[in-house]
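Heads up: the protein sequence lines correspond to chains U and L, in order.
In terms of UniProt numbering, the first sequence opens at residue 1 and continues consecutively.
In terms of UniProt numbering, the second sequence opens at residue 1 and continues consecutively.
Virtual Cβ for every residue (Gly too), placed ideally from N, Cα, C.
Okay, structure first, notes after.
There are 2 protein chains.
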Amino acid sequence: MRKLHLNAFLMGVGHHEAAWRTSGADPSRVTDIRHYQELARTAERGKLDSVFLADSLSFWGDIKYHTLGGLEPLTMLAAMAVVTEHIGLIATMSTTYNEPFNVARKFASLDHISGGRAGWNIVTSASESEARNFGGSLPPHAVRYARATEFVDVVTKLWDSWEDGAVLGDQTEGIYADKEKVRAVEHQGERFKVSGPLNIPRSPQGRPLLVQAGSSEDGKEFAARYADAVFTAQPVIYSAQAFYADFKKRVVKHGRNPDEVAILPGLSAIVGSTEREAAQLQEELGALVVPESTVATISEMLGVDLTEHPLDQPLPDIPGVVEGQRSRAGVIVDMARRENLSLEQLIRRLSGNRGHRVVAGTPEQIADQIEEWFVKGAADGFNVMPPTLPGGLDDFVDHVVPELQRRGLFRTEYEGRTLRGHYGLARPVVAHA
Amino acid sequence: MRKLHLNAFLMGVGHHEAAWRTSGADPSRVTDIRHYQELARTAERGKLDSVFLADSLSFWGDIKYHTLGGLEPLTMLAAMAVVTEHIGLIATMSTTYNEPFNVARKFASLDHISGGRAGWNIVTSASESEARNFGGSLPPHAVRYARATEFVDVVTKLWDSWEDGAVLGDQTEGIYADKEKVRAVEHQGERFKVSGPLNIPRSPQGRPLLVQAGSSEDGKEFAARYADAVFTAQPVIYSAQAFYADFKKRVVKHGRNPDEVAILPGLSAIVGSTEREAAQLQEELGALVVPESTVATISEMLGVDLTEHPLDQPLPDIPGVVEGQRSRAGVIVDMARRENLSLEQLIRRLSGNRGHRVVAGTPEQIADQIEEWFVKGAADGFNVMPPTLPGGLDDFVDHVVPELQRRGLFRTEYEGRTLRGHYGLARPVVAHA
């Protein structure tokens, strides 16, 4: 029977931007590795597929009002890997501001350290504020995706540069590696020249899991070609179903098995022991948001400066979105236009979910909504975004997961120890030129 | 009283290239994080200042004969940080093949994760084989150092971009950070344009420890200006004393306190319970070296292809060394010329130490030699390079360290918890433009 996939998307002390202000929250934990180690253990207790770390190479919002999301993801995941045994470890890393050799090596290292639990969420870094930390000018969308495509190609070649069995370790003859099985990659592309081989043997998964979240046309094509899992922002079921159907078709078009690419919308799950309690929690969080504080975040998401825009007015024209390049932005702008929302109404609507789906209710109600999307062709699982951390993840793991298990929708034990294994994917064979 | 500084320089299953062939060695441990976690705990048991990880972005030698030195250093150190409390954690990272924002962020992250124990060994990546993994052509020495200089400048500005006390975490007012204390760096240099600020608060050490190992003219000037500790290859005391005196003068010339820059020659310490036992171990290791296997390594070190050169002949002319650009190479070539060594004799001489000082003997004899260099102006301490790992580090920690402690030369307890603290260095104040 088909099973759900569930990742714990971790973000500081919670996804809701006011999470750090709730009573009991400790904002100093956003830079405390023990906090993240505990969250990883909680996710493992819930038999989740993985923990997922987003990343930005600049602030996400206005640092006056918003906490950080954490430390550098790879460094954090290495520390989380050694206190867990099963949970997958997915880090976001940019193809625009890194080099393929370094990225291949870091993820291969994490895969060795974790015994086969590494995943790479590939991003192309769309923000101007990130560009300003790397030379100043943001490369155009198409250029970033062209670089990402060649980048992933090089990284995959490097991961494949050691065959299985290449390490002989023959102490008597003094032969460490079989050089017939360790090959230069000699990549000579438009953007990269990389000789290889990687200086790390093939890792337990062969290739770490590839995750992608682009939902522009370029992004979807890229994901359909490379990704093992796709993260997407889908606030409502009809758009999620359309995305799902379209995306699986694209996967088939690329000659791949659509069952081997998991589509995972983000899910902000607000759990209460009663419906009323969940609604109260949601209200409390919303009341803690200072609307002015989120204007910078919304500006960043939409790629337009709204800091001088009146809070009681609808959104201005947003040229970037018209070009269809920024599709999460597109979804948000569509919603604002459709419902004629003022900037402040939009801010409150997005508070705590950044355009992702929100469900608030009892564990049974949340399980109902998860099940509906899962059986109606809208999702293969979810990237769960707890509004508060650790509390929101504890609630999900202790109350929602058991309900999903009772319904036979989610694993009750891990069957293997690798992230690919959790996703039902085989270990890739080495590709030869 | 002045105390020695001792780092455990870790390298796979030992610094001797034949270490992996000795009985009891397990070559599979070179990619096993538990091996390195145990080594870090051993170094901490010995109250050493730090563990030190070298790095290369290509193979060090011929992979047919030589094992790897480990996984990617930052990833490894994050996993080692969380099983230790005091030991410093120094990772090598290249300024030629990384971006300043990423490097500042990774070391700040490691410093947070470890509670103030991170150190950065700054290298400019001199090898052609590394260049081939990053576009193909090795930038000239002077260009690499010019980049390194601006690079460290930017990284330091980013580390200083959050003042202490910038994080308010005021839950009642909803103010996370005091923006007066989080400043853009607005670096507009010849090579880098970086706006900042860093998206990580000032770390426990303020700035991670800076280590450097260049011994060319540019390298020494760079280190005299920036480094808190200097790693150097000095096979004999007279050259070490000359290096020491010259280097401390350079430090003074840069307006710095010479007592605040530790000079640490590499030290290959072969410990036996008797002198004879140590000599036997050294001989056994040497006998396990296949001379042909090291030709590639020597070629890489000297920057010239010796793979077709007859083993029984002296070195050919090596043009790069004449230019004085490759100074460890210079020391080695000088030694070969002075003693009229054949290539094979040179290989056996370098086996297990790569041009560093070798001492073999009882713990007392090794302590004598450490003391001599320490009191005679040749060293402030050593980067200890155990021929085998874990055995060689256990021997050093269990037998040599206690002897040094008995003599009052080395700490018997840690006095603080930060790497800067171990080196007697204050936490830097934030520099303002």
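Counting the other CB atoms within 10 Å of its CB gives G408/U a total below 16, which places it among the exposed residues. Here DSSP, grouped into helix, strand and coil, assigns M93/L to strand. Within 7 angstroms of the CB of R21/L, the CB atoms of chain U belong to Q171, G174, in sequence order along the chain. In the structure shown, A233/U adopts coil according to DSSP, grouped into three states. A straight-line Cα-Cα distance of about 27 angstroms links G119/L and V331/L. Identification of chain L residues near F374/U by a Cβ-Cβ cut-off of 9 angstroms yields none; the smallest Cβ-Cβ distance measures about 35 angstroms. Sixteen is the threshold: when 16 or more other Cβ atoms of the shown chains lie within 10 Å of the Cβ of H5/U, as they do, the residue is buried. Residues of chain L whose Cβ lies closer than 8 angstroms to the Cβ of I90/U do not exist, since the nearest Cβ in that chain is about 15 angstroms away. With contacts defined as CB atoms closer than 9 angstroms, L74/U and T75/L qualify as a contacting pair. With at least 16 other beta carbons inside 10 angstroms of its own, S293/L counts as buried. For D394/U, the uninterrupted alpha helix (DSSP H) run begins and ends at 391 to 395, by DSSP. From the listed residues F374/L, A329/L, P314/L, I63/L, the smallest Cα separation to E180/U is found for I63/L.
The C-alpha of P402/U is placed about 17 angstroms away from the C-alpha of F374/U. Using a Cβ-Cβ cut-off of 9 angstroms, R417/L does not count as an interface residue toward chain U, since no Cβ of chain U sits closer than that to its own. The closest CA to that of A296/U, considering only E17/U, D153/U, L419/U, is found on E17/U. Between the stretch 138 to 146 of chain L and the stretch 121 to 130 of chain L there are three or more inter-stretch CB-CB distances shorter than 8 angstroms, so the stretches are counted as touching. H35/U has its alpha-carbon roughly 23 angstroms from the corresponding atom of Y414/U. Closer than 8 angstroms at the C-beta level to chain L, one finds these residues of the stretch 102 to 116 of chain U: N102, R105, K106, A108, S109, L110, H112, I113. Secondary structure at Y423/U: coil, using DSSP grouped into helix, strand and coil. The beta carbon of A81/L sits closer than 7 angstroms to those of L89, L110, I113, S114, R117, all from its chain and outside the five residues before and after it, given in chain order.
Interface annotation, E364/L: not in contact with chain U, CB-CB separation never under 9 angstroms. If you look at Q212/U, you'll find it in the beta strand (DSSP E) that goes 209 to 212.
DSSP places Y36/L in the helix class (H, G or I) of the three-state scheme. Your pair L10/U and L48/U does not check out as a contact, with CB atoms roughly 11 angstroms apart and the cut at 8 angstroms. In this structure, L267/L sits away from T388/L, with a CB-CB distance that is not shorter than 9 angstroms. By the criterion of at least three beta-carbon pairs nearer than 8 angstroms, the stretch 361 to 372 of chain L is not in contact with the stretch 241 to 251 of chain L. Here P314/L carries a strand assignment [DSSP, helix/strand/coil].
DSSP places R357/U within a strand segment (E or B) once states are collapsed to three. Taking 8 angstroms as the upper bound on Cβ-Cβ separation, chain L lies near residues L288 of the stretch 264 to 289 of chain U.
One finds I63 in chain L with Cβ atoms closer than 7 angstroms to the Cβ of V182/U, taken in chain order.
Inter-residue distance for R411/L and L393/L is about 17 angstroms (C-alpha atoms, whole angstroms). Interface annotation, K193/L: in contact with chain U, CB-CB separation under 9 angstroms.
Excluding five sequence positions before and after K106/L, the CB atoms of its chain that fall closer than 8 angstroms to its own CB belong to L74, M93, given in chain order.
Interface annotation, T67/L: in contact with chain U, CB-CB separation under 9 angstroms. By the neighbour-count criterion, in which a residue is buried when 16 or more other Cβ atoms sit within 10 angstroms of its Cβ, K376/L is exposed. Within the stretch 44 to 78 of chain U, complete beta strand (DSSP E) segments of at least 3 residues are found at 50 to 53, given in chain order.
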